[in-house]
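What follows is a short report on a single structure.
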Amino acid sequence: MSTEMPDRVVVVGSSVGGIRAAQGLRAQGLTGQVVVVGSEKAAPYDKPPLSKQLLSGEWNLEDIALVSVEELQDAGIELRLGVAARGVDVANRTLALADGTTLAYDALVIATGVRPRTLSAPRTVPLHTVRELADVSALRAALDSGGGLVVVGGGFIGAEIASTAAGLGVPTSIVEALPAPFSRVLGDEVGGILARLHAENDVEVVSGTGVVALRRGPTGLTEVELGDGRVLSAGAVAVGIGCVPNTEWLAGSGIPVSDGVSTDEFSRVLDVPGVYAIGDVAHWHDVRTGTSRRVEHWTHAFQQAQLVAHNLVHPDDLQAQTRAPYFWSDQHGVKIQMVGRRGPADAVDVVWRDSPGGPRPVALYSDSGRFTGGVTFGAPQVSVRLRRAWEDGVTLTEARALVVGPSEVLPADARMGAPAQP
Ligand SMILES: Cc1cc2nc3c(=O)[nH]c(=O)nc-3n(C[C@H](O)[C@H](O)[C@H](O)COP(=O)(O)OP(=O)(O)OC[C@H]3O[C@@H](n4cnc5c(N)ncnc54)[C@H](O)[C@@H]3O)c2cc1C
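In short: position in the sequence shown from 1, add 97, done, that's this note's numbering.
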């Protein structure tokens, strides 16, 4: 591995990972050439608002810009938009672009993200996903045409689409194959709280059954046939059943790919000098757990972008990502924030806290008394405390003390997503 600062860095991917890496290189003092290549034509924008404020119409394109073209020019960062990378020659350190040109690099940063997984059920109707700008206008037009919305898949992006649609007054259902939406990440109990939040906000949650077929019905609406025999009708169907990494363009390059681009803890691609991968596309080694995995969260992509910039400019002082895992989601006006991770066998304690908007839960996960993760609903300060506590490696008892004093603990009979009392 070279200990020289590179002269020419090419970044592939013009979203948060790629753009923040390019800016980070300048902030770290890189004086050489920096080029960002992006397959989307649009100026770099942020993705989390797509399913929230952009779909609702509350924000427009300017509100979601990651950076202006002028700022990039001032920083001496060259932007090549609307052209996909289609191959890498790692021996000669060149990147081939879809327009037939090639770019030479000393260091290559891969930040090509992911794309939505498609539904395998037979269908004769168009389906909506939300990953890029054009997806939002297409879905919004379909929502405005009437007939309601069915969201297939109760993950966070699907749940946000449902929440935004319901906020626009669109009759909305979520179909989730697991026993409770969100239960894969949050467990059944906390998944149930979130499901009730949706139900309280007029979203029908159908769980424990999958979609077996989709077809155009006699009224022109789409019929969504479920495994339990039910048929839901809607003007629009959106799918949020997970994502696959954008790595096909690396086929034959020798860059190791296994559910994403395989990297070490410093974002260096395994066994390929000069190549790095960050963000959603990276299958990265987490020194905190000793395991490798992909993470599809904004903060992770942002932090890895900063770290890769540091590591490229300071190869003698490599730094690994050790911050607490973190993501947020906005649903029905409630900011949901998760710190840490829930292991499949972790215990969960749900604490109810008073808040101006009514009683709200905080879920604390633990393994043999060690705090492993926490989910807050509309309590950002508590989330910040839990984030620090996770990094300090606290016990469940210590984490609980940070959440709420004894007098504030409320019975679980309150408004936000509380189970119905007998
Ligand atoms: C609708 C939506 C809502 C979200 N909400 C949240 C949230 O509330 N909280 C949260 O933590 N996270 C959220 N996320 C996830 C977060 O946005 C991602 O983790 C983050 O965008 C990852 O950044 P990235 O740069 O790694 O990849 P991406 O943002 O996926 O960007 C990759 C870019 O690379 C481009 N590209 C792909 N292939 C090529 C190629 N061959 N050549 C050139 N360019 C290429 C793509 O077009 C894309 O622009 C959301 C994501 C979406 C889609």
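All C-beta atoms, glycine included, are put in the ideal place defined by N, C-alpha and C.
Asked, Found
"Limits of the alpha helix (DSSP H) - the one that Leu483 falls within", "477–489"
"Cβ shell of Leu236 (< 8 Å), same chain only, five flanking positions each side left out", "Leu152, His225, Val227, Ile258, Ala333, Ala335"
"Distance cut-off 8 Å: Gly115 Cβ against heavy atoms of ligand 1", "yes"
"Residue of Glu155, Gly110, Ala124, Gly210 minimising C-alpha distance to Leu176", "Gly110"
"Ligand 1 heavy atom lying under 8 Å from the CB of Asn157", "no"
"Simplified DSSP assignment, three categories, for Arg467", "strand"
"Euclidean distance between Cα positions of Gly314 and Gly243", "15 Å"
"Buried or exposed by the 16-neighbour rule on C-beta atoms within 10 Å, applied to Glu159", "exposed"
"Supposed contact pair Gln418 and Gln401 - C-beta distance, whole angstroms, cut 8 Å", "6 Å"
"Neighbourhood of His382 by C-beta distance below 7 Å, restricted to the same chain and skipping five residues each side", "Thr360, Asp361, Glu362, Ser389"
"Unbroken beta strand (DSSP E) run spanning His382, endpoints", "379–383"
"Cβ-Cβ distance between Val378 and Ile207 below 9 Å", "yes"
"Cβ-based neighbour list, Ala331, same chain, cut-off 7 Å, excluding 5 preceding and 5 following", "Gly244, Gly245, Leu246, Val247, Leu318, Thr319, Val321"
"Helix, strand or coil at Phe363 according to DSSP, with G and I counted as helix", "coil"
"Distance CB(Ala426)-CB(Phe253) smaller than 9 Å", "Before going on, a small fix: residue 426 reads as Ser here, not Ala. It is a contact, given that the beta carbons lie within the stated cut-off."
"Proximity test, Pro145 beta-carbon vs ligand 1 heavy atom, cut-off 8 Å", "yes"
"Contact set for His407: own chain, Cβ-Cβ below 8 Å, skip 5 residues either direction", "Gly121, Gln125, Asp414, Gln416"
"Assigned secondary structure, Ala235 (DSSP; H/G/I helix, E/B strand, else coil)", "helix"
"Whether Asp356 touches His380 by CB criterion (9 Å)", "yes"
"Where His225 falls: helix, strand or coil (DSSP)", "strand"
"Cutoff 6 Å; reference Val180; Cβ partners in own chain excluding five residues on either side", "Leu194, Ala195, Asp196"
"Beta-ladder partner(s) of Leu329, from DSSP", "Val321"
"Local conformation of Val187 per DSSP, three classes", "coil"
"Whole-angstrom distance between Leu240 and Ala139, CA atom to CA atom", "23 Å"
"Completely contained alpha helix (DSSP H) runs for the region 148–223, where each covers 4 or more residues", "150–153, 166–171"
"Heavy atom of ligand 1 within 8 Å of Gly197 beta-carbon", "no"
"Sequence-distant residues of the same chain with beta carbon closer than 7 Å to Ser504, five excluded per side", "Since pLDDT at Ser504 reaches only 44, below the 50 mark, its modelled position is unreliable, and the value read off the structure follows with that caveat. Excluding residues within five positions, none has a Cβ falling inside 7 Å."
"Cα-Cα separation, Asn189 to Leu347", "15 Å"
"Candidates Gly288, Ala274, Val372, of which the one nearest Thr191 by Cα", "Val372"
"CA nearest to the CA of Gln170, picked from Asp203, Val187, Val131, Tyr142", "Val131"
"Option in Phe424, Val491, Ser463, Ser465 with minimal Cα separation from Thr473", "Phe424"
"Endpoints, beta strand (DSSP E) assigned at Ser280", "Taken as a continuous stretch (DSSP letters only), Ser280 belongs to no beta strand (DSSP E), being part of the alpha helix (DSSP H) at 280–297."
"Trp346, enclosing alpha helix (DSSP H) - first and last residue", "No alpha helix (DSSP H) contains Trp346, which DSSP labels as neither H nor E."
"Backbone CA spacing between Thr492 and Arg438 [nearest angstrom]", "15 Å"
"With 16 other Cβ atoms within 10 Å as the buried cut-off, status of Ala238", "exposed"
"Sheet register partners of Leu311 (DSSP bridge)", "Arg220, Val321"
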